[in-house]
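Undergrad:
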């Protein structure tokens, strides 16, 4: 018996409003589901975009600029050494398979889990 979840992003992109997920499996699909419904005050419903409702033009490409500045007090659960944090960013599209490799990864900030500063953006 397998209780893993399917990727909900392609079916959301196709216009499905209900996607069945196993809440017993806390995986990426469940985290994406949680993030999607935070968009509308966590009420459990997100209105389809105008182009999917037939009331607006097709979705236009969006240029996204992300700046990773810093983070604070990162726990190090794996050893007693100080952690060397980095941040990865993966963009999810409604079409195509899920990516295995992140789109962006910051440089490692060695031995600074208390207040690492990245100051990187693309």
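Numbering (the working numbering), first residue to last: 462 to 583.
Built from N, CA and C at the ideal position, the CB exists for glycine as well.
Remember, it's a predicted structure, so these values are computed and weren't measured experimentally.
1) Relative to the alpha-carbon of residue 524, which residue among 552, 531, 513 and 506 has its alpha-carbon at the smallest distance?
2) Just to check my reading of the structure: residue 580 and residue 545 have Cβ atoms closer than 8 angstroms, yes? What is that Cβ distance to the nearest angstrom?
3) Do the segment 465-475 and the segment 488-501 make contact, defined as three or more Cβ pairs closer than 8 angstroms?
4) Label residue 570 either buried or exposed according to how many other C-beta atoms from any shown protein chain fall within 10 Å of its C-beta, with 16 as the threshold for buried.
5) Can you give me the Cβ contacts of residue 518 inside the same chain, cut-off strictly under 7 angstroms, excluding the 5 residues immediately before and after it?
6) Cβ of residue 528 within 8 angstroms of Cβ of residue 547?
7) Please identify the residue among 578, 549, 498 and 577 whose C-alpha is closest to the C-alpha of residue 564.
8) Whose C-beta lies closer than 8 angstroms to the C-beta of residue 509 among residues of the same chain, with five residues either side of it excluded?
9) What does the alpha-carbon distance come out to for the pair residue 489 and residue 516?
TA: Put simply:
1) As a position in the chain shown, residue 524 is number 63, starting the count at 1. Closest option to residue 524, Cα to Cα, is 552.
2) Counting from one through the chain shown, the residue named residue 580 turns up at place 119. Counting from one through the chain shown, the residue named residue 545 turns up at place 84. At roughly 16 angstroms, the Cβ-Cβ gap does not stay under 8 angstroms, so residue 580 and residue 545 are not in contact.
3) yes
4) Numbered from its first residue, the chain shown carries residue 570 at position 109. It counts as buried.
5) The residue you call residue 518 lines up with position 57 of the chain shown. Closer than 7 angstroms at the Cβ level, and outside the excluded window around residue 518, lie 512.
6) Locating residue 528 in the chain shown gives position 67, where the first residue counts as 1. Locating residue 547 in the chain shown gives position 86, where the first residue counts as 1. Cβ atoms of residue 528 and residue 547: not closer than 8 angstroms.
7) To locate residue 564, count along the chain shown from 1; it is residue 103. For residue 564, the nearest C-alpha among the options comes from 549.
8) Within the chain shown, the letter at position 48 stands for residue 509. 476 and 478, listed in sequence order.
9) By one-based count along the chain shown, residue 489 stands at place 28. By one-based count along the chain shown, residue 516 stands at place 55. Going by the C-alpha atoms only, they are around 32 angstroms apart.
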